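A.B. asks: Below: one structure in structure tokens.
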Ligand SMILES: Nc1ncnc2c1ncn2[C@@H]1O[C@H](COP(=O)(O)OP(=O)(O)O)[C@@H](O)[C@H]1O
Ligand SMILES: [Mg+2]
């Protein structure tokens, strides 16, 4: 079981409130991603769930039990840190065995579980090495191994992939997704990378300055963002924001995703000169300098023949999002 | 071109380092050489370097005239005792400052260091009087306590910088892994801190061993360590350079040997945090 409820929790450091009153329900078995820009309070929120920080007010309920004041070790949660936080003086085997040793399991049982985890994570050949003798990806696997042997109620990940290079990051991402399918254990995953959030999550929690902007599935957030912030954060390349007046719209501002614009030679809602055209083969990213509006990005098919300096039109070919002065969706 | 420059650069630095090293080492070498000369050769002008009649007579005289082993034992008790006592106080202090810092932690650290900037003579009289009224003049107890207090700021600072280097994440990971505070300290903190504690200990044994101001001023005969043993050959009987050198050599030999065998640990300790 791994059902976590946050009720009106707040967190202040000295006089600064980092998390204003916040409510959240995480269902058993769910893969929840906290996403938001750096400094928005993602790690703090995760650490509150872990028990590494105390809430300033509010309650945390784990599997029906009040865990607000429980020590980290009593919450039955496992955490994977951005820095891996492996024990440098212990072998890989001892690192993975540590939580089991703390739980007082006997030696045979520990050996069995460590071997099992090592096999799942391809670490069997490295069990006698120290963390210092491993690559970044292997260290990450050890950290995950240390988390899974305990069979926790939920896994907490704090930007676990951000120290890895791009190629490895994509690999580890799918490994973690596979692991979730296998174990079906609740996972709470923190990242600032919206691509990671979109590809991994069942449910995304978008945070902005400690406040939950929106909670929803990746596609819900993509199709019906509740605010300009969510609209701009989810989706790549980013949504274009254009003053309403530029399109004869009563809204303060309108938003159009780059993939919902067509580049045309005649007509179109906006016209301007091509500032850059990136031909990727599969897609072409076109940046158009529209007088009175600014730069507008479009993502169009790969074979289009547009080049720097061409005079083109942009035609809206999809939904238009409308926002008021406060950045709320209308 | 650039490569050549770095090579000649390296050469210049190497030569400079060797000159500096030799300059620092020369007095020690000279002392050791002089201890094997006769008194006449020791003060002969021009001085002789190696070309003299090697003799052990200085060592024999020194052995006959004073009790080396008692001084040696006093030095061991004072340096090791004060270091252990210091660690007992400094380890919890440094833990607290490194892992649960308060608003004033930095100020406390600076204040402790500032006490080292005061010349020892400045507090000579009050401390002498305090030791006297406690009836502890010429006792090892007094010196263990005074040496501990003198070096405590350094011990705390060294341990603090060590503990600071232990990533908080690792301690938190242990907590998440179900370790109690006791197990966290036994299985995670201490093994990672042992190299730091060891080099702090080594350095402070050396500092206390070589300390001369308090050891000379607060002891007479019973508790006098090797520093007093050397000093006894300097003034009262006129200058006997060869015997003084023999006494010095005997006094510094133990610590030099210890330092030689633990130099790796010491260098690591002193540069810890500076080079990663
Ligand atoms: N221990 C702390 N003391 C004071 N301020 C903190 C502490 N931890 C985090 N903060 C502040 O809380 C805010 C959120 O931090 P954090 O949760 O680490 O953000 P994120 O993980 O989203 O990048 C930041 O402004 C940060 O400076
Ligand atoms: Mg963070």
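Residue numbers (my numbering), protein chains in the order written: chain A, 204 to 533; chain B, 967 to 1242. No residue lacks a Cβ here, since even glycine has one placed at the ideal position from N, Cα and C. Just so we're clear, the structure is a prediction, and the values are computed from it rather than from any experiment.
1. Buried or exposed for residue 360 of chain A, please, with buried defined as at least 16 other CB atoms from any protein chain shown within 10 angstroms of its CB.
2. Let me check understanding here. Comparing Cα to Cα, which of B:1127, B:1155 and B:1143 lies closest to residue 353 of chain A?
3. Residue 390 of chain A lies in the beta strand (DSSP E); which residues open and close that run?
4. Between residue 1144 of chain B and chain A, is any beta-carbon pair separated by less than 8 Å?
5. Mind the definition here: the region 1121-1138 of chain B touches the region 1043-1062 of chain B only if three or more C-beta pairs lie below 8 Å; say whether that holds.
6. Is the separation between the beta-carbon of residue 1001 of chain B and that of residue 1211 of chain B shorter than 8 Å?
7. Looking at the strands, I want to know which residues DSSP matches up with residue 444 of chain A.
8. Going by alpha carbons, who is nearest to residue 403 of chain A out of A:379, A:419 and A:412?
9. What residues in the region 1138-1167 of chain B have a beta carbon less than 8 Å from any beta carbon of chain A?
10. Is residue 245 of chain A close to ligand 2? I mean its beta-carbon at under 7 Å from any heavy atom of the ligand.
11. Helix, strand or coil: how does DSSP classify residue 216 of chain A here?
12. Indicate whether at least one CB of chain B lies closer than 8 Å to the CB of residue 349 of chain A.
13. Strictly below 8 Å CB to CB, what residues from chain A border residue 1073 of chain B?
14. Quick one, which residues of the region 1060-1091 of chain B are near chain A if we go by CB-CB under 8 Å, in chain order?
15. For residue 1153 of chain B and residue 333 of chain A, what's the separation of their Cα atoms in angstroms?
16. At the level of alpha carbons, what is the spacing between residue 1140 of chain B and residue 1150 of chain B?
17. How do the region 515-525 of chain A and the region 464-472 of chain A stand: do at least 3 beta-carbon pairs fall below 8 Å, yes or no?
18. Which of the three DSSP states is assigned to residue 1030 of chain B in this structure?
19. Give the DSSP-derived three-state secondary structure of residue 325 of chain A in the structure shown.
20. Shortest alpha-carbon distance to residue 1207 of chain B belongs to which of B:1008, B:994 and B:1195?
21. So does the region 1035-1052 of chain B actually touch the region 1184-1200 of chain B, counting three or more Cβ pairs closer than 8 Å?
22. Could one say the Cβ of residue 1133 of chain B lies closer than 8 Å to chain A's Cβ atoms, at least one of them?
23. Rounding to the nearest angstrom, what Cα-Cα distance links residue 247 of chain A and residue 382 of chain A in this structure?
24. Within 10 Å of its beta-carbon, does residue 971 of chain B have 16 or more other beta-carbons around it, so buried, or fewer, so exposed?
25. By the 9 Å beta-carbon criterion, what residues does the region 245-267 of chain A contribute toward chain B?
26. Looking at C-alpha atoms only, which residue of B:999, B:1011 and B:1026 is the closest neighbour of residue 1019 of chain B?
27. Which bits of chain B does residue 290 of chain A rub up against, with CB to CB less than 7 Å?
C.D. replies: According to the structure data:
1. Taking the first residue of the first chain as position 1, residue 360 of chain A is located at position 157. Flag for residue 360 of chain A reads buried.
2. Along the first chain, one-based indexing puts residue 353 of chain A at 150. Residue 353 of chain A has its Cα closest to that of B:1143, out of B:1127, B:1155 and B:1143.
3. As a first step, residue 390 of chain A must be located in the first chain, where it is residue number 187. It spans 389-394 - the beta strand (DSSP E) in which residue 390 of chain A sits, taken as one unbroken run.
4. The residue you call residue 1144 of chain B lines up with position 178 of the second chain. Output row for residue 1144 of chain B: interface = yes.
5. yes
6. As a position in the second chain, residue 1001 of chain B is number 35, starting the count at 1. As a position in the second chain, residue 1211 of chain B is number 245, starting the count at 1. Result yes, Cβ atoms of residue 1001 of chain B and residue 1211 of chain B sit closer than 8 Å.
7. Stepping through the first chain from its first residue, residue 444 of chain A is reached at position 241. According to DSSP, which records beta bridges pairwise, residue 444 of chain A is partnered with A:458.
8. Residue numbering aside, residue 403 of chain A sits at position 200 when the first chain is read from its first letter. Among A:379, A:419 and A:412, the Cα nearest to that of residue 403 of chain A belongs to A:379.
9. 1138, 1139, 1140, 1141, 1142, 1143, 1144, 1145, 1146, 1149, 1153, 1154, 1157 and 1158
10. Working through the first chain from its first residue, we reach residue 245 of chain A at position 42. Correct: residue 245 of chain A has its Cβ closer than 7 Å to ligand 2.
11. Translated into positions along the first chain, residue 216 of chain A becomes position 13. Residue state, collapsed to three classes: strand.
12. Residue 349 of chain A sits at position 146 when you count from the first residue of the first chain. Yes, because at least one Cβ of chain B sits closer than 8 Å to the Cβ of residue 349 of chain A.
13. Within the second chain, residue 1073 of chain B is the residue found at index 107, counting from 1. Result: empty, since nearest Cβ-Cβ is about 17 Å, beyond 8 Å.
14. none
15. On the second chain, residue 1153 of chain B is found 187 positions in, with the first residue counted as 1. On the first chain, residue 333 of chain A is found 130 positions in, with the first residue counted as 1. Near 16 Å, if we compare the C-alpha coordinates of residue 333 of chain A and residue 1153 of chain B.
16. The residue given as residue 1140 of chain B occupies position 174 in the second chain. The residue given as residue 1150 of chain B occupies position 184 in the second chain. Spanning the two alpha carbons is a distance of roughly 6 Å.
17. yes
18. Locating residue 1030 of chain B in the second chain gives position 64, where the first residue counts as 1. Residue 1030 of chain B: helix per DSSP, three-state reduction.
19. Sequence index remark: in the first chain, residue 325 of chain A carries index 122 (1-based). Here residue 325 of chain A sits in coil by DSSP.
20. For the purposes of this step, residue 1207 of chain B is identified with residue 241 of the second chain, where counting begins at 1. Of the listed residues, the one whose Cα sits closest to residue 1207 of chain B is B:1008.
21. yes
22. Locating residue 1133 of chain B in the second chain gives position 167, counting from the first residue. Closer than 8 Å: yes.
23. For the purposes of this step, residue 247 of chain A is identified with residue 44 of the first chain, where counting begins at 1. For the purposes of this step, residue 382 of chain A is identified with residue 179 of the first chain, where counting begins at 1. Taking the straight line from one Cα to the other gives about 25 Å.
24. Here residue 971 of chain B corresponds to residue number 5 of the second chain, with the count starting at 1. That one is exposed.
25. 250, 253, 254 and 255
26. Residue 1019 of chain B sits at position 53 when you count from the first residue of the second chain. Comparing Cα positions, the closest option is B:999.
27. For the purposes of this step, residue 290 of chain A is taken as the residue at position 87 of the first chain. Here the neighbours are 1136 and 1154.
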